[in-house]
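Q: If you read the sequence shown in the numbering used here, its first letter stands for residue 5, the second for the next number, and so on. All C-beta atoms, glycine included, are put in the ideal place defined by N, C-alpha and C.
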Amino acid sequence: MEIPKETKYGCLTSKFHAEVRMISLPDELKSGEILIRQEACNICTADYTQWLGQREHRGYPMAGGHEGVGTVIAKADDVYEFNLGDRIAFIFPYCGHCKNCKMGRQDECTCREKVKLPLKGTQQYFGFSQYMVRHSRYCVKISRKLPLPEACFVEPVATVLNAQNNLTHRLGDTVLVIGGGTMGLLNAEVERLRGSKVIVSEVMEEKLKKAKEMGFETINPQETDIKTVTDEFTDHEGLDIVILAVGNQVALNQALDLIKKKNGQILFFSASYPSAELNIPANRIHYDKLRLLGAFNSTLIDFYQASRLLGNKLVNVSKLVDSIYDLNDIQEAFKRASEPNTYRVCVKLNEWEDE
Numbered sequence: 005m006e007i008p009k010e011t012k013y014g015c016l017t018s019k020f021h022a023e024v025r026m027i028s029l030p031d032e033l034k035s036g037e038i039l040i041r042q043e044a045c046n047i048c049t050a051d052y053t054q055w056l057g058q059r060e061h062r063g064y065p066m067a068g069g070h071e072g073v074g075t076v077i078a079k080a081d082d083v084y085e086f087n088l089g090d091r092i093a094f095i096f097p098y099c100g101h102c103k104n105c106k107m108g109r110q111d112e113c114t115c116r117e118k119v120k121l122p123l124k125g126t127q128q129y130f131g132f133s134q135y136m137v138r139h140s141r142y143c144v145k146i147s148r149k150l151p152l153p154e155a156c157f158v159e160p161v162a163t164v165l166n167a168q169n170n171l172t173h174r175l176g177d178t179v180l181v182i183g184g185g186t187m188g189l190l191n192a193e194v195e196r197l198r199g200s201k202v203i204v205s206e207v208m209e210e211k212l213k214k215a216k217e218m219g220f221e222t223i224n225p226q227e228t229d230i231k232t233v234t235d236e237f238t239d240h241e242g243l244d245i246v247i248l249a250v251g252n253q254v255a256l257n258q259a260l261d262l263i264k265k266k267n268g269q270i271l272f273f274s275a276s277y278p279s280a281e282l283n284i285p286a287n288r289i290h291y292d293k294l295r296l297l298g299a300f301n302s303t304l305i306d307f308y309q310a311s312r313l314l315g316n317k318l319v320n321v322s323k324l325v326d327s328i329y330d331l332n333d334i335q336e337a338f339k340r341a342s343e344p345n346t347y348r349v350c351v352k353l354n355e356w357e358d359e
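1. What's the gap between the Cα of Gly125 and the Cα of Ser133?
2. Following the continuous alpha helix (DSSP H) through Leu296, name the residue where it begins and the one where it ends.
3. What separation, rounded to the nearest whole angstrom, lies between the Cα atoms of Arg198 and Asp229?
4. For the region 26-65, list the beta strand (DSSP E) runs that are entirely contained and at least 3 residues long, ordered along the chain.
5. Rounded C-beta distance between Asn46 and Pro153? I'm assuming under 8 angstroms.
6. Can you check which of these residues, Cys15, Thr163, Lys231, is closest to Val351 by C-alpha distance?
7. Leaving out the 5 sequence neighbours to the left and right, which residues in its chain are closer than 8 angstroms to Gly57 when beta-carbon positions are compared?
8. Can you look up Glu6 in the DSSP assignment and give me helix, strand or coil?
9. For Val207 versus Ala192, is the C-beta spacing smaller than 7 angstroms?
10. Ends of the beta strand (DSSP E) at His139?
11. In the DSSP assignment, find the unbroken beta strand (DSSP E) run with Lys79 in it and report its ends.
12. Measuring alpha carbon to alpha carbon, tell me which of Asp239, Asn345, Gly298 ends up nearest Lys211.
13. DSSP beta-bridge partners for Glu221?
14. Taking the alpha-carbon positions, what's the Tyr308 to Val325 distance?
15. Would the beta-carbon of Ser276 fall within 7 angstroms of that of Asn301?
16. Quick check on DSSP: helix, strand or coil for Tyr291?
17. Here's a check: name, in chain order, each residue in its chain whose Cβ is nearer than 7 angstroms to the Cβ of Arg62, leaving out the five neighbours to either side.
18. Could you pull out every unbroken beta strand (DSSP E) segment of at least 3 residues lying fully inside the region 145-189, listed in chain order?
19. In this structure, how does DSSP classify Ile328 when only helix, strand and coil are distinguished?
20. Put Tyr13 into one of helix, strand or coil per three-state DSSP.
21. Thinking C-beta only, is Asp292 closer than 7 angstroms to Lys266?
22. Indicate whether Arg348 and Thr163 have their beta-carbon atoms separated by less than 7 angstroms.
23. Please tell me whether Cys389 and Val76 are closer than 7 angstroms, where the distance is taken between their beta carbons.
24. Using the beta-carbon count (16 or more within 10 Å), is Glu217 buried or exposed?
25. Is the beta carbon of Val83 sitting closer than 7 angstroms to the one on Ser140?
26. At which residues does the beta strand (DSSP E) containing Phe272 begin and terminate?
27. Where do the N-terminal and C-terminal ends of the alpha helix (DSSP H) with Gly230 fall, by residue?
28. Looking at the strands, I want to know which residues DSSP matches up with Phe338.
29. Report all residues from its chain with a CB closer than 7 angstroms to the CB of Cys113; omit the five preceding and five following residues, and keep chain order.
30. To the nearest angstrom, report how far apart Glu1 and Val250 are at their CA atoms.
31. Give me the DSSP bridge partner(s) of Ser18.
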C-alpha cells in the first residue's frame, strides 16, 4: 500500500483548546517500521488535565494520545511479528538498547527522550492521528473481537499491572482503592482478579454508582466514617493494601490511618498536582514494616498481559466507556473528558469498517 503523504491529527495548542492539524508522513518505511491506520484513541487523565491547564509544563503544541489502537496496513520487509490486517496497540517509545530496556524495564528507558517518531516537526505520540508510522517494537497485537473503545484500554490496564506487580499479594487480601474514576476501577478490577476483597472509596455519587454496577463494595467517606467500615471488613486488623488512585492530601492521610499495623502496603498509583506531602515518622516505616510503593508507566510484558486480559474478557472495561467523538470534534471530546463524573472518552479517527 502506498503511504499517505500526510495525515490529520488532533493536538492541544493552548489551555482549553484542542484542534485538528495536518502533518507530513515519511516517504517510505524504514527497517522494523509499520504503517498503522489508527482507528481510535481514548483521552487519558494526562491529556485532559493539560487541556485544563494543570500540566502545561509538557508544552504546546501537544500531539498526545497514547491509549490508541489501529490496524497494520503496511510493513517493512523485516517485520515478522505482525501481518497486514492485525490490530495493534502501542506502547511508549523506548530505545531497546540501554541497560534498562535489555533488562525488560522499557518503562525506565534511559534514552527515551532521544527516541523520536519519524516525523518532521513536533515530536509527540500522535495518538489522535489518522495514520502513523511506528517501529514494530512499540506495538502489541490485540483481539479484533473487542469493540474499539474497549481495545483502547490496553495501555491503562498495562499501567495497572505494572503498578500492582510491585505489591505482595495473598489470596483473600482486603484492598481499599481510594478513587472511583477510570484508573481506580481498573485497579479494583485487577485486584479482584488476583483474589482480593476490594472496597472502593469515592465521594461522587455517580462514581459510587458505577463501582456498585461493577460489583464492588463502596464507601462514601463524606457520609460514613471510613475507618468504622473498613474495620468491619477486616475485623479491626486494618487493610492489607491501600491503592491511591487519586492524588490529594486527604487520600494520603486516610491511607496512612487505615493501613494495618504490620506489613501494610500503600501503592501511590496517581500523581497529585500540587503534590501531596508525606508526613510520617521514619520509625513507623521501620518498626511496622510499612511498604510505600510508587508506580509509573509500564513495560512491554505488561502490554502483552493487558492485551490477553482484555481479549479473554478477564478484565471488563465495557462500563468505563463514556462516549465517542469524531476526530473533527476533538475540542468537544476534551470538554467532555474533563468533566468530573466522566469515564473514558473515545476519539474515532477513521471509519470502523469491521465494527
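A: Let me spell this out:
1. Per-residue confidence for Gly125 stands at a pLDDT of 48, beneath the threshold of 50, marking its modelled position as unreliable; the derived number appears in the next sentence. So the two alpha carbons sit approximately 14 angstroms from each other.
2. Careful: Leu296 lies outside any alpha helix (DSSP H), inside the beta strand (DSSP E) at 295-298.
3. So the two alpha carbons sit approximately 27 angstroms from each other.
4. Runs found: 37-47.
5. 7 angstroms
6. Cys15
7. Lys19, Phe20
8. coil
9. no
10. 135-139
11. 71-79
12. Asn345
13. Glu221 pairs with Ile203.
14. 22 angstroms
15. no
16. helix
17. Gln54
18. 178-182
19. strand
20. strand
21. yes
22. no
23. It is not possible to answer for residue 389, since the shown part of the chain is limited to 5 through 359.
24. exposed
25. yes
26. From DSSP, the beta strand (DSSP E) with Phe272 extends over 269-272.
27. The question names Gly, but residue 230 is Ile in the sequence shown. Here the alpha helix (DSSP H) through Ile230 covers 230-238.
28. Answer is none; Phe338 lacks a bridge partner.
29. Tyr98, Cys99, Cys102, Asn104, Cys105
30. Outside the displayed range of the chain (5 to 359) lies residue 1, so it cannot be described from this structure.
31. His21
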